[in-house]
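Remarks on the structure that follows.
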């Protein structure tokens, strides 16, 4: 079913409902959902590591009932996101409370396009940078645990009033816990649990609601290969606020699932994932293809 809306309402809906990797006008998320999975709780041992990420996303805007949103006489409002990111991880030999201390930095770049049917906009550039100066990780024979607080800086390209923005124009802070269980037979279950505290956009006085989200993986290891299923779950905890007033139908939610594969070769790992959003509300609904590369120095 496609619901039609006036042009101005469509623009407002975009402002409230965008939720795609590292992109949003007001209410989106700076985290690329599904970016982690395999061995999510296993921060690598002391050393320096470089990681690369790639994402391709296609989706259509849906409302609080999961129905596609369209301007009368037009196709549903749609978005395309292509992005890459470079990530540096340092794990030190020093321990705090028995866990290894580390830090990381993620720098993303995006090419995005939004099409409402009557108007479209494309932007390319730097996204919001993520960093954490404090990561702790613990390792046991079958269990791995990591905790951190990620900080998202408003470094991405942003202009108030545009249909589409790469940056969010606000800071956010995200405590997280990641855990992995992998037994001697090669069975793995991993989850990364995050809570995102968002600050207000100073240009619009719009405050996006906090979100809880999870990346998950269930897999089996076969020598250098790992095969499994995974995805992500996202649920907004609080309604958005516009100039201090709550915004109706601004609670976003998504659930995605799909196949994943991983290959390890010497000091490198290659990961590919395809995730289908089986449930979406007040956000974009579509499919996401993720690539990840890990290199240990």
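Numbering (mature numbering (1 follows the signal peptide of the UniProt record, and there is no 0)), first residue to last: -24 to -1, 1 to 273. The beta-carbon is built from N, C-alpha and C at its ideal position, and this holds for glycine as well.
Nonlocal neighbours in the same chain, by C-beta distance under 6 Å from residue i, ignoring five residues either side
i, result
"residue 211", "188, 229"
"residue 38", "44, 256, 261"
"residue -21", "Low confidence applies to residue -21: its pLDDT is 42, below 50, so where it sits in the model is not reliable, and the reading given next is rough at best. Here the set comprises 46, 48."
"residue 217", "183"
"residue 268", "29, 247"
"residue 245", "270"
"residue 273", "24"
"residue 160", "none"
Test item: CB-CB of residue i and residue j under 7 Å
i, j, result
"residue 13", "residue 186", "no"
"residue 294", "residue 86", "Nothing can be reported for residue 294: it is not among the residues displayed for the chain, which extend from -24 to 273."
"residue 47", "residue 61", "no"
"residue 26", "residue 271", "yes"
"residue 93", "residue 138", "no"
"residue 17", "residue 129", "no"
"residue 175", "residue 134", "no"
"residue 152", "residue 132", "no"
"residue 136", "residue 179", "yes"
"residue 144", "residue 6", "yes"
"residue 69", "residue 22", "yes"
Closest residue to residue i among the options (Cα-Cα distance)
i, options, result
"residue 125", "252, 171, 139, 164", "171"
"residue 99", "253, 55, 150", "55"
"residue 247", "29, 215, 6", "29"
"residue 24", "213, 243, 265", "243"
"residue 225", "17, 214, 156", "214"
"residue 11", "89, 173, 154", "154"
"residue 78", "114, 235, 207, 208", "114"
"residue 266", "116, 207, 152", "207"
"residue 109", "67, 103, 250", "67"
"residue 63", "237, 119, 104", "104"
"residue 58", "70, 150, 148, 88", "88"
"residue 168", "209, 149, 203", "209"
"residue 53", "221, 80, 84, 97", "97"
Same chain, Cβ closer than 8 Å to residue i, five either side skipped, listed in chain order
i, result
"residue 197", "158, 162, 163, 164"
"residue 42", "255, 256, 257, 261"
"residue 274", "Nothing about residue 274 can be reported from this structure: the residues present for the chain run from -24 to 273 only."
Same chain, Cβ closer than 7 Å to residue i, neighbours up to 5 away in sequence not counted
i, result
"residue 240", "200"
"residue 235", "205, 250"
"residue 219", "181"
"residue 34", "56, 262, 263"
"residue 203", "195, 196, 237"
"residue 95", "139"
"residue 233", "205, 207, 251, 252, 254"
"residue 148", "6, 128, 172, 173, 174, 175"
"residue 36", "44, 52, 53, 54, 260, 261, 262"
beta-carbon residue i near the ligand COA non-hydrogen atom, thresh 6 Å
i, result
"residue 148", "This structure does not include the ligand COA; it has no bound ligands of any sort."
3-residue-minimum beta strand (DSSP E) runs that sit fully inside the segment 137 to 174, ordered along the chain | List check, beta strand (DSSP E) in window: 148 to 158, 163 to 174.
Which full runs of the beta strand (DSSP E) of 3+ residues lie inside the segment 221 to 271, going along the chain?
-> 229 to 241, 244 to 257
What alpha helix (DSSP H) runs, 4 residues minimum, are completely inside the segment 84 to 143?
-> You should have found no qualifying run.
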